[in-house]
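**Student:** Please see the structure below; I have some questions.
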Amino acid sequence: MYFCPHKIKHVNNILSDLNEVQRQAVESINGPVMVIAGAGSGKTRVLTYRVAHLISTGVDPFNVLALTFTNKAAREMKGRILQLVGNSDARNVWMGTFHSVFSKILRIDGHLLGYPSNYTIYDTDDSKSLIKTILKELDLDPKVYQPNVVLDRISSCKSSLIPAEDYIINSEFQEQDRAASKPKMGEIMMRYKNRCFKAQAMDFDDLLFNTNVLLRDFPEILYKYQQKFRYILVDEYQDTNFAQYMIIKKLAARFENICVVGDDAQSIYAFRGANIQNILNFKNDYPDLKTFKLEQNYRSTQTIVKAANSIIVNNKEQIFKEVWTENAEGVLIPVLHGSSDNEEGRMIAQSIFETKMYNQLPNDAFAILYRTNAQSRSIEEALRKLNIPYRIYGGLSFYKRKEIKDLLAYFRLAINLNDEEALNRIINYPARGIGKTSLEHIIVKANEENKSQWEVISEGKMAGINTGTLTKISEFVLMIKSFRAQLKTRNAYDLAKHIASSSGIMKELYEDKTPEGLSRYENIEELLNAIKDFSEKEPEPSFENGGEISTSIRTLDEFMQDIALLTDADNDNENDNDKVALMTIHSAKGLEFPYVYITGMEENLFPSMQSLSSRSDLEEERRLFYVALTRARIRVTLTYADMRYRWGTLTPCEPSRFIDEIDTVYLDIPRKAPSAFGPNRSENGTLSGLPASLFQQKNLKRLDKVSPASGTTDNGGSFEPSDAADIQPGMEVDHQKFGRGKVLNVEGDASNRKATVFFNGIGQKQLLLKFAKLKIIKAE
DNA sequence: GTGTGATATCTTTTT
DNA sequence: GATATCACAC
249 MYFCPHKIKH VNNILSDLNE VQRQAVESIN GPVMVIAGAG SGKTRVLTYR VAHLISTGVD
309 PFNVLALTFT NKAAREMKGR ILQLVGNSDA RNVWMGTFHS VFSKILRIDG HLLGYPSNYT
369 IYDTDDSKSL IKTILKELDL DPKVYQPNVV LDRISSCKSS LIPAEDYIIN SEFQEQDRAA
429 SKPKMGEIMM RYKNRCFKAQ AMDFDDLLFN TNVLLRDFPE ILYKYQQKFR YILVDEYQDT
489 NFAQYMIIKK LAARFENICV VGDDAQSIYA FRGANIQNIL NFKNDYPDLK TFKLEQNYRS
549 TQTIVKAANS IIVNNKEQIF KEVWTENAEG VLIPVLHGSS DNEEGRMIAQ SIFETKMYNQ
609 LPNDAFAILY RTNAQSRSIE EALRKLNIPY RIYGGLSFYK RKEIKDLLAY FRLAINLNDE
669 EALNRIINYP ARGIGKTSLE HIIVKANEEN KSQWEVISEG KMAGINTGTL TKISEFVLMI
729 KSFRAQLKTR NAYDLAKHIA SSSGIMKELY EDKTPEGLSR YENIEELLNA IKDFSEKEPE
789 PSFENGGEIS TSIRTLDEFM QDIALLTDAD NDNENDNDKV ALMTIHSAKG LEFPYVYITG
849 MEENLFPSMQ SLSSRSDLEE ERRLFYVALT RARIRVTLTY ADMRYRWGTL TPCEPSRFID
909 EIDTVYLDIP RKAPSAFGPN RSENGTLSGL PASLFQQKNL KRLDKVSPAS GTTDNGGSFE
969 PSDAADIQPG MEVDHQKFGR GKVLNVEGDA SNRKATVFFN GIGQKQLLLK FAKLKIIKAE
């Protein structure tokens, strides 16, 4: 029923875009497949084409599961597949992060484990705060049992599928904990587990842990999902942990149509339990495995590819492969060196400014990468001084801001009355006279009588609390109950607005006239706007309702499920995207930019101090550097400083060993430190180490095809935009930055006309025609 | 019970 | 430099 001759022709055409190995990997749809994909070798391409190919050969999209690590990757992939298949069937593919897909499974079948379908998801802050409460109850010193360390331990146990019950009786662990003078670790773990369960809450690791339990203990459930997910694809397989490995193995056991894609050289999440052995040993699990190695890099210049290779050979543990490229040799890697972190920032800003002017590039051709989020400040300052617009990815997410979490806690508590962390957060915010001592009474009573805190306060009988406070508590209970009563009847936006004002949060923030208070108020408004958008959006078809689009109202409950696993990187503002990107190297994984700056190339920072003690940690840092280098298409610049503010004081720094590890023939080290503002000339007389001839080299054309960002310089002044009023749906248009695309939709009145355009290889963009320069190529 | 100011600790990296 | 916790005055 999915047979459609037209579609197949379409996909066959696309197959001709692929190189031989890529095509084989896409076409081997039956049986286990492993794709070892070097950086920039078209890994995402293989995955998306594979899904498209599956669908076009008649596989029902409902039977396809594609797992990624970030929401962003999932969304991009989905967009590209929709484009390839040209059919909304593809919407029915289950595509998402491990955590989001498993959380969905648990919403459907978690009742077998005793969880309601609207269980709460605790984020790291909730987990830490619960640990602190437990430490207090057990009268343990938080300096000995640092919440971070405790949580790490809990987390890595769950990632390795070790239940707390096993941990606490395991003599080896007891030994270790005694040696680390943390003998109560097992007890904390048990308590943590029980408290989460009582609160009907799961933390991030529980989503994996419990999914595994579900599939392990309920054969009929396992059977159901095995039947459903006949074709499984896993992205970034090198970053899976043991729990993820076991779940995938179980799901794939029946049909063994499993395709994992990864690059051992880019494994950078061992610190949170990723097990590189999963990819190294994959062939032991599936003897008739087909392995494909993608070694041709289409992204970067020869210099970058070879420099990256010269780094990674320093690692011992890896699958042998040789990444190569046909691209132009390109420019050497400039190494800039400033006297302080502030000067480092200035040099980067200056270099971007010059490169941008010299080559007429947009801001988003540049990315600045760093090891730790704290490094962004000096760079931001320098960019601001030169009026270079930038955008920070990661850092504190919108949903982690205090005011946002406060309001969300009201929603959470209304949805799940047992959500302890939410309750503790808001029972006295805004201040209503229920203080620390009262809360302690409540917690003690709840523990003594083995009740939830909500049960205790809703019964209203508490010794040791004065009657005035009791009244306030019962008012609070009544308020939450009234919110709860409206969950199913009002749409998300109406109810959210109601809660925001009648909880007193709006008033509290409105009265705060400091700049921070103002911005907090605006954030709440932004959240409400997001909920409004959500309320008006069509619900996605889902597995449970057979893909049917439901017509019922969108509730707050649904909104909370939607955002529980979202991170900052997910609210992309499509309209203002011409900005320099600032992010950690970790969050740059999977992305590419024409020009990349890797900053803070200093010992103890990159590689980080903590990694220096063990070889495997150092190797992970080196892989991280490899990832950073291979993000760049045209030029990568390394920077470091002699002095840097750390913990508020100026500390001296040494250049990173990683600079020495790069073969010097690929480096461009200015003989004398360049001045902060003079033109930044290197030895061969080129501006910022960039020969003008770079753009005339014929091989680089190939790069231009992949992403037109740099192609704009080729036809410099010849771009003449068409009149915005002439743009109509169906037209083929050219955009200076995004290249060719098709107009899908146009809306809004003359001054505010907005077009939705699908750009080849980039995806769907919303453009304000007032600003976007589009040239009509074909009028349908 | 609330609010203010002083001080200790901090920094990996993310779902 | 920023945030979380603590001590003390209301």
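Just so you know, the first sequence maps onto residues 249 to 1028 in the numbering used here.
Idealized CB from N, CA, C, for every residue including glycine.
(1) Report, in whole angstroms, the separation of the C-beta atoms of L580 and L877, which I expect to be a contact under 8 Å.
(2) Would DSSP call W702 helix, strand or coil?
(3) Pick out whichever of F503, E651 and L866 has its Cα sitting closest to the Cα of F906.
(4) Can you tell me whether F457 is buried or exposed, with buried defined as 16 or more other CB within 10 angstroms of its CB?
(5) Look at the alpha carbon of T603 and the alpha carbon of L609, and state the distance between them as a whole number of angstroms.
(6) Could you check how far apart the C-beta atoms of K648 and D373 are, in whole angstroms? I think they sit under 8 Å.
(7) Which same chain residues, not among the five before or five after A240, have their C-beta less than 7 Å away from its C-beta?
(8) Enumerate in chain order the residues of its own chain whose CB-to-CB distance from I682 is below 8 Å, with the five nearest sequence positions on each side excluded.
(9) Out of K699, D371, N489 and R426, which one is the CA nearest neighbour of I410?
(10) Does the separation of the CB atoms of A812 and E669 fall below 9 Å?
(11) Could you tell me whether the segment 495-514 touches the segment 281-289, where touching means 3 or more Cβ pairs closer than 8 Å?
(12) Tell me where the beta strand (DSSP E) around F540 begins and ends.
(13) Could you tell me if G896 is buried or exposed, where buried requires 16 or more neighbouring beta carbons within 10 angstroms of its beta carbon?
(14) Should the segment 886-903 be regarded as contacting the segment 840-847, the criterion being three or more beta carbon pairs within less than 8 Å?
(15) Among all the DSSP beta bridges, which residues are the ones paired with R883?
(16) Please report the straight-line C-alpha distance between P467 and F854, rounded to a whole angstrom.
(17) When you compare each of M438, F519 and A615 to D826 by their alpha carbons, which one comes out closest?
(18) Between the segment 438-445 and the segment 466-483, can you find at least three pairs of beta-carbon atoms closer than 8 Å?
(19) Report the residue from D465, K497, I663 and R339 whose alpha carbon sits nearest the alpha carbon of V312.
(20) Identify whether K633 lies in helix, strand or coil by the three-state DSSP scheme.
(21) Please state the DSSP three-state secondary structure of F791.
(22) Considering Cα atoms alone, identify which of N714, Y485, G586 and E651 is closest to R768.
(23) Do the segment 354-373 and the segment 381-393 touch if we need at least three Cβ pairs shorter than 8 Å?
(24) Quick test of your reading: M450 and I369, contact by CB under 8 Å. State the CB separation rounded to the nearest angstrom.
(25) Taking C-beta to C-beta, are Q734 and L726 nearer than 9 Å?
(26) What is the DSSP secondary structure of S289, reduced to helix, strand or coil?
(27) Are there 16 or more other CB atoms within 10 angstroms of the CB of S264, so buried, or fewer, so exposed?
(28) Report yes or no: do three or more beta-carbon pairs, one from the segment 562-572 and one from the segment 293-309, lie closer than 8 Å?
(29) Measure the alpha-carbon distance for A694 versus R673 and round it to whole angstroms.
(30) For R401, I'd like the list of residues in its chain whose CB is within less than 7 Å of its CB, leaving aside the five on either flank, ordered along the chain.
(31) Is it true that the CB of I975 sits closer than 9 Å to the CB of A1003?
(32) Just to confirm the assignment, what range does the alpha helix (DSSP H) spanning R401 have?
(33) Looking only at its own chain, which residues have a Cβ that is under 6 Å from the Cβ of S588, when we skip the five neighbours before and after it?
(34) Identify the residues that DSSP records as bridge partners of L830: which are they?
(35) Is the beta carbon of N575 less than 9 Å from the beta carbon of V553?
(36) C901 by DSSP, collapsed to three states: which one?
**Tutor:** In terms of the structure at hand:
(1) Between L877 and L580 the Cβ distance is about 13 Å, and since that is not below 8 Å, they are no contact.
(2) Helix, per DSSP.
(3) Residue nearest to F906 within the set F503, E651 and L866 is L866 (criterion: CA-CA distance).
(4) Classification for F457: buried.
(5) Rounded to the nearest angstrom, the two C-alpha atoms are 8 Å apart.
(6) Indeed, because the Cβ distance is near 7 Å, the residues count as touching under 8 Å.
(7) The first residue shown for the chain is 249 and the last is 1028, placing residue 240 beyond what the model contains.
(8) These residues qualify, in order along the chain: I675, N676, T717, K720, I721 and F724.
(9) Ranking the options by Cα distance to I410, first place goes to N489.
(10) Result no, Cβ atoms of A812 and E669 do not sit closer than 9 Å.
(11) In short, these stretches touch, since the Cβ pair count reaches three.
(12) Its beta strand (DSSP E) spans residues K538 to L542.
(13) Burial call: exposed.
(14) Because the criterion of three Cβ pairs below 8 Å is met, the segment 886-903 and the segment 840-847 touch.
(15) DSSP output for R883 lists Y843 as bridge partner(s).
(16) C-alpha separation (whole angstroms): 47 Å.
(17) Taking only the C-alpha atoms, the option nearest D826 is A615.
(18) They do not touch, by the three-pair rule.
(19) Of the listed residues, the one whose Cα sits closest to V312 is R339.
(20) In the displayed model, K633 falls within a helix according to three-state DSSP.
(21) With a pLDDT of only 47 at F791, under 50, the local geometry of the prediction cannot be trusted, and the value read off the model is given with reservation. DSSP places F791 in coil when its eight states are reduced to three.
(22) Checked all of N714, Y485, G586 and E651; the closest Cα to R768 is E651.
(23) The segment 354-373 and the segment 381-393 do not touch, with fewer than 3 CB-CB distances between them shorter than 8 Å.
(24) By a beta-carbon distance limit of 8 Å, M450 contacts I369. Their separation comes to about 6 Å.
(25) L726 sits away from Q734, with the two beta carbons spaced by 9 Å or more.
(26) In the structure shown, S289 sits in coil (DSSP, three-state: anything other than H, G, I, E or B).
(27) Classification of S264: exposed, given that the 10 Å Cβ count is below 16.
(28) As far as the Cβ criterion goes, the segment 562-572 does not touch the segment 293-309, which means the pair count is below three.
(29) The straight-line gap from Cα to Cα measures roughly 17 Å.
(30) Result list for R401: M433, in chain order.
(31) Against a cut-off of 9 Å, the Cβ pair of I975 and A1003 comes out as a contact.
(32) P395 to S407 is the extent of the alpha helix (DSSP H) around R401.
(33) A889 and M891.
(34) I616 and I640.
(35) Yes.
(36) Here C901 sits in coil by DSSP.
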